[in-house]
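Numbering (the numbering used here), first residue to last: 139 to 246.
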């Protein structure tokens with residue numbers, strides 16, 4: 139009987155193993171948002187594949203740390219100059235330190 143009383147307690151993981159619910163849900167939501175955003179761009183520029191490719195190239199060179207975030211913002215601003223909704227959505231993915239400045243710069 140003593141062993142049976144301990145089994146249910148041993149089956150549950152220690153509290154430190156499970157991430158807090160907010161953090162566990164935030165990453166998948168951000169990832170889904172990013173995927174949806176890129177899909178939107180791909181569909182929007184279906185007739186202009188070079189624009190879509192240029193966007194991916196900008197992100198790729200940033201990822202490889204060959205461009206700063208402000209330079210990326212400037213390039214995306216030019217690329218999506220006639221698509222303010224895409225620019226506004228893009229600002230959501232920027233680091234917090236740049237986000238407010240970007241929104242002011244883009245007037246979104």
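The C-beta atom is built at its ideal place from N, Cα and C for all residues, glycine as well.
Scanning the segment 182 to 236 for uninterrupted alpha helix (DSSP H) segments of 4 residues or longer gives 187 to 201, 207 to 217, 222 to 229, listed from N- to C-terminal end. Cβ contact annotation for residue 231 (same chain, cutoff 7 Å, sequence separation greater than five): 172, in chain order.
Considering only 228, 213, 220, the residue with the shortest C-alpha distance to residue 195 is 213.
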